[in-house]
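Read through the structure below, which is laid out as structure tokens, and then see the notes.
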Amino acid sequence: MKKTHFKIRKLTIIIILAFAGLASYAQNSTLVNAFYSRAQQEYTLKNYAQAISFLEMAEKELGTTINPKITYLQAKSHYQYDVNALKSKHLFLKFLNESNSTNHKTEEVSEIINDIENSNIVDSLGYFKDLSGRNGIKKTFFNEGNLHKVENYKNGLLDGVYQEYYENGKLFKEGVYNKGFLKGPLKTYYIHGTIKHITEYNESGKHGIQEKYNIDGTLAEILTYAIDNKNGSFKKFHEDGKTLKKEGSYKNNILAGIYKEYYNNGDISLSCIYKEGFKDGPEIKYYENGNQQWVKNYVNGKLRGIQKYFYDNKQLSKWEFYNDNGKQHGENKEYYKNGKLAITILYENGRVVDVIEQQNSKGRNINKSKVKQNPYAIGNIIKLYDNNKIRFYATYTDGVLDGEIKEYYENGQLKCEGFYNYGSRDGKFKYYYPSGVLKAIVNYKSNSELGFKDGEHIEYYETGEIAYKTTYQYNQEIQKISYYKNGTKSGEYNYLNDEWDYFPKM
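This is the structure in structure tokens:
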């Protein structure tokens, strides 16, 4: 009797559990259908992220990932949402494997897979070429396979962390985007890893402070930006990263206001005023001992009025006058370091008319310069140092430089040599150190006024190795490269960013 009673109780429990299981299944089935139905609604409304979320909940309630209906909608949602087609392609293939029959959906899916594999809608890495409205992380690589960029997208716009790398794997740039715009600091690094500059951004572009650093980590420059233009004060520093080298202000990328330069001991080197990008007003240059080297006067970028130059002992070395056209005019005088008159040259609107008088350092009249008036000067002008050695030699035609020109150091070594073509520099000009070693070669092309730099310009260390190579086109620098003494490249000027890209010594 007891045994029979136990069997009845056991059967009852099994029946109850079965009904409970059926009830649970029915409840799960209801939730699955509810989640799936909601996912369909979100997909129709193009809320693909929400659709994907509800489909994941449906799978969780279902307890399996094998459901062609859910897989199909997942694949379609990812195809519309993701920046990369590989996830959706995987789900489309999964759907084809789960489907037992061929219908319009399997035909549609096969066509989509074919588009992904054979059309030009995606690139070689599976990323959609048109990212409009798409989301996710996009990674691009160098040809060798190393990571190049990591970009986060939201609704087709860059949104989130952005990173860019050098080919050697070192970080090049990092910043944060918000709805397609850089927000906050963008940091860039040198190829070996030290910080290069930190720039603040907002929706208008560069906005705020930009700090630039040397390759050794010392501060090089501080700039102020507004609306993606240089606006406000800037400071440049000497190699120690602390001592001020230059300071001034920009207005819409153009120099404006007071501008100053300093020696590496902190003493002032130069002071002038800019107005709309042109020097306007007095410019004062100082020797390292604090004495004035020159006082020039500018009006709208051109010399105007009296210009004075001094020796380091405060003695006047040269006195010039420039007319309203920015040309030398009237009697212009030069002096020896002992204060004696060296030469007086008469100009008319930029042309030499005659050498009025010339003396040696003892005050005696000499006749070193040989010129004739016709009506402007024709012939040679020779200028001397206090020790009577030649400082300057040049040939003039119709009052303008025409032919060979040479300048010398006080020790007699050649300082500069070149050629003028009727007032315009033409061909190679060579510059030398006081030791006589070649310092630089500059190429000029003749034009109506002075001549313009064109071609390769080479500067040398005093030991003879190349220090810089600069390429000019119509007086504009288009390339500049610096070198270590061992001949390897040390830097290249980036004209877009107005800064040097440095390379470690090999």
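The sequence shown maps to residues -26 to -1, 1 to 480 in mature numbering (1 follows the signal peptide of the UniProt record, and there is no 0).
Using N, Cα and C, we set each Cβ at its ideal position, and we do this for glycine too.
Note that this is a predicted model, so its numbers are computed, not measured.
- Query: For residue 120, does the three-state DSSP call read helix, strand or coil?
  - Reply: Locating residue 120 in the sequence shown gives position 146, where the first residue counts as 1. Reduced to three states, the DSSP call for residue 120 is coil.
- Query: Where do the ends of the beta strand (DSSP E) carrying residue 327 lie?
  - Reply: Numbered from 1 along the sequence shown, position 353 holds the residue referred to as residue 327. Boundaries of the beta strand (DSSP E) harbouring residue 327: 325 to 332, taken from the DSSP string.
- Message: Given this structure, state the Cα-to-Cα distance separating residue 110 from residue 217, to the nearest angstrom.
- Response: Residue 110 sits at position 136 when you count from the first residue of the sequence shown. Residue 217 sits at position 243 when you count from the first residue of the sequence shown. The straight-line gap separating the alpha-carbon atoms of residue 110 and residue 217 is approximately 46 Å.
- Decide yes or no for the touch test of the region 299 to 315 against the region 341 to 356: beta carbon pairs closer than 8 Å, at least 3 of them. Note that the region 299 to 315 does not touch the region 341 to 356; fewer than 3 beta-carbon pairs, one per stretch, sit closer than 8 Å.
- How is residue 42 classed by DSSP in three states: helix, strand or coil? Numbered from 1 along the sequence shown, position 68 holds the residue referred to as residue 42. Residue 42 falls in the helix class under three-state DSSP.
- Message: In the DSSP output, what is residue 66 paired with across the bridge?
- Response: The count along the sequence shown starts at 1 and reaches residue 66 at position 92. In DSSP, residue 66 forms no bridge with anything.
- Task: Tell me where the beta strand (DSSP E) around residue 456 begins and ends.
- Result: Taking the sequence shown and counting its residues from 1, one reaches residue 456 at position 482. 450 to 457 is the extent of the beta strand (DSSP E) around residue 456.
- Query: How many angstroms separate the CA atom of residue 356 from the CA atom of residue 368?
  - Reply: For this step, residue 356 is matched to residue 382 along the sequence shown. For this step, residue 368 is matched to residue 394 along the sequence shown. Just so you know, the alpha carbons of residue 356 and residue 368 end up roughly 7 Å apart.
- Query: If residue 250 and residue 232 are in contact, beta carbons under 8 Å, what's the gap, nearest whole angstrom?
  - Reply: The count along the sequence shown starts at 1 and reaches residue 250 at position 276. The count along the sequence shown starts at 1 and reaches residue 232 at position 258. Contact between residue 250 and residue 232 does not hold, since their C-beta atoms are separated by about 14 Å, which reaches or exceeds 8 Å.
- Sequence-distant residues of the same chain with beta carbon closer than 7 Å to residue 12, five excluded per side: Walking along the sequence shown from the start, residue 12 turns up at place 38. Correct list, in chain order: 28.
- Message: Only counting the same chain, and skipping five residues up and downstream in sequence, which positions put a Cβ closer than 6 Å to that of residue 188?
- Response: Taking the sequence shown and counting its residues from 1, one reaches residue 188 at position 214. Excluding sequence neighbours, residue 188 sits near 194.
- Inter-residue spacing [alpha-carbon to alpha-carbon] between residue 210 and residue 456: Counted from its first residue, the sequence shown places residue 210 at position 236. Counted from its first residue, the sequence shown places residue 456 at position 482. C-alpha separation (whole angstroms): 20 Å.
- Query: Roughly how many angstroms lie between the CA atoms of residue 183 and residue 166, to the nearest whole one?
  - Reply: The residue labelled residue 183 in the question sits at position 209 within the sequence shown. The residue labelled residue 166 in the question sits at position 192 within the sequence shown. Rounded to whole angstroms, residue 183 and residue 166 show a C-alpha spacing of 24 Å.
- Give me the Cα-Cα distance between residue 254 and residue 279, rounded to the nearest whole angstrom. Taking the sequence shown and counting its residues from 1, the one referred to as residue 254 is at position 280. Taking the sequence shown and counting its residues from 1, the one referred to as residue 279 is at position 305. Using only the alpha carbons, I get a separation of about 12 Å.
- Task: To the nearest angstrom, report how far apart residue 221 and residue 198 are at their CA atoms.
- Result: If you number the sequence shown from 1, residue 221 lands on position 247. If you number the sequence shown from 1, residue 198 lands on position 224. Distance from the CA atom of residue 221 to the CA atom of residue 198, rounded to whole angstroms, is 12 Å.
- Cα-Cα separation between residue 281 and residue 269, rounded to whole angstroms: Indexing the sequence shown from 1 puts residue 281 at position 307. Indexing the sequence shown from 1 puts residue 269 at position 295. Between residue 281 and residue 269, the C-alpha separation is close to 6 Å.
- Query: What first and last residue would you give for the beta strand (DSSP E) that runs through residue 280?
  - Reply: Working through the sequence shown from its first residue, we reach residue 280 at position 306. Residue 280 -> beta strand (DSSP E) spans 279 to 284.
- Message: Pairs of beta-carbons, one from the region 130 to 139 and one from the region 152 to 163, closer than 8 Å: are there three or more?
- Response: With the cut-off at 8 Å, the region 130 to 139 and the region 152 to 163 touch.
- Query: Which ranges does the alpha helix (DSSP H) cover as unbroken runs of at least 4 residues, wholly within the region 67 to 148, from first to last along the chain?
  - Reply: DSSP runs (the alpha helix (DSSP H)) wholly in the region 67 to 148: 78 to 92.
- Could you tell me which of 326, 153, 464 sits nearest to residue 129, measuring between CA atoms? In the sequence shown, residue 129 corresponds to position 155, counting from 1. Of 326, 153, 464, the residue nearest in Cα terms is 153.
- Task: May I have the straight-line CA-CA distance separating residue 468 from residue 444, to the nearest angstrom?
- Result: Against the sequence shown, residue 468 aligns to sequence position 494. Against the sequence shown, residue 444 aligns to sequence position 470. Cα-Cα distance, rounded: 12 Å.
- Query: So who's on the other strand from residue 248, going by DSSP bridges?
  - Reply: Taking the first residue of the sequence shown as position 1, residue 248 is located at position 274. Partner(s): 231, 253.
- Query: Just curious, the alpha helix (DSSP H) that residue 30 is in, first and last residue?
  - Reply: Stepping through the sequence shown from its first residue, residue 30 is reached at position 56. Note, residue 30: alpha helix (DSSP H), 22 to 36.
- Message: Cutting at 6 Å between CB atoms, please list the residues of its own chain near residue 213, excluding the five before and the five after it.
- Response: Walking along the sequence shown from the start, residue 213 turns up at place 239. Hits under 6 Å: none found.
- Whole angstroms is fine: what's the gap from residue 20's alpha carbon to residue 208's? Reading the sequence shown from its first residue, position 46 is the one you call residue 20. Reading the sequence shown from its first residue, position 234 is the one you call residue 208. C-alpha separation (whole angstroms): 49 Å.
- Are the beta-carbon atoms of residue 421 and residue 403 separated by less than 9 Å? Locating residue 421 in the sequence shown gives position 447, where the first residue counts as 1. Locating residue 403 in the sequence shown gives position 429, where the first residue counts as 1. Not in contact: residue 421 and residue 403 (Cβ atoms no closer than 9 Å).
- Task: Provide the residue(s) that pair with residue 393 in DSSP beta bridges, ordered along the chain.
- Result: Numbered from its first residue, the sequence shown carries residue 393 at position 419. Answer is 378, bridged to residue 393.
- Query: Looking at C-alpha atoms only, which residue of 225, 226, 204, 190 is the closest neighbour of residue 215?
  - Reply: Sequence index remark: in the sequence shown, residue 215 carries index 241 (1-based). Among 225, 226, 204, 190, the Cα nearest to that of residue 215 belongs to 190.
- Query: Going by Cα to Cα distance, which pick from 224, 364, 192, 435 is closest to residue 203?
  - Reply: Working through the sequence shown from its first residue, we reach residue 203 at position 229. Nearest of 224, 364, 192, 435 to residue 203, Cα basis: 224.
- Would you mind working out which of 328, 359, 172 sits nearest residue 370, comparing C-alpha positions? Within the sequence shown, the letter at position 396 stands for residue 370. With distances taken between Cα atoms, residue 370 lies closest to 328.
- Task: Apply the 10 Å Cβ neighbour rule to residue 264 and answer buried if 16 or more other Cβ atoms are within range, or exposed otherwise.
- Result: Here residue 264 corresponds to residue number 290 of the sequence shown, with the count starting at 1. Residue 264 comes out exposed.
- Query: Considering only the beta carbon of each residue, do residue 52 and residue 36 sit closer than 9 Å?
  - Reply: In the sequence shown, residue 52 corresponds to position 78, counting from 1. In the sequence shown, residue 36 corresponds to position 62, counting from 1. Result no, Cβ atoms of residue 52 and residue 36 do not sit closer than 9 Å.
- Query: Name the DSSP bridge partner or partners of residue 431?
  - Reply: Here the question's residue 431 lines up with position 457 in the sequence shown. Note: residue 431 is bridge-paired with 444 in the DSSP secondary-structure output.
- Other residues of its chain near residue 235: CB distance less than 6 Å, five sequence neighbours each side excluded: Locating residue 235 in the sequence shown gives position 261, where the first residue counts as 1. Leaving aside the five residues that flank residue 235 on each side, the residues in its chain whose CB is nearer than 6 Å to its CB run, in chain order, 220, 243, 244.
- Item | Buried versus exposed, by CB contacts within 10 Å (16 or more), residue 40 | Reading the sequence shown from its first residue, position 66 is the one you call residue 40. Per the 10 Å Cβ criterion, exposed.
- Item | Neighbour-count burial assignment, residue 288, 16 or more Cβ in a 10 Å radius | Here the question's residue 288 lines up with position 314 in the sequence shown. Result: exposed.
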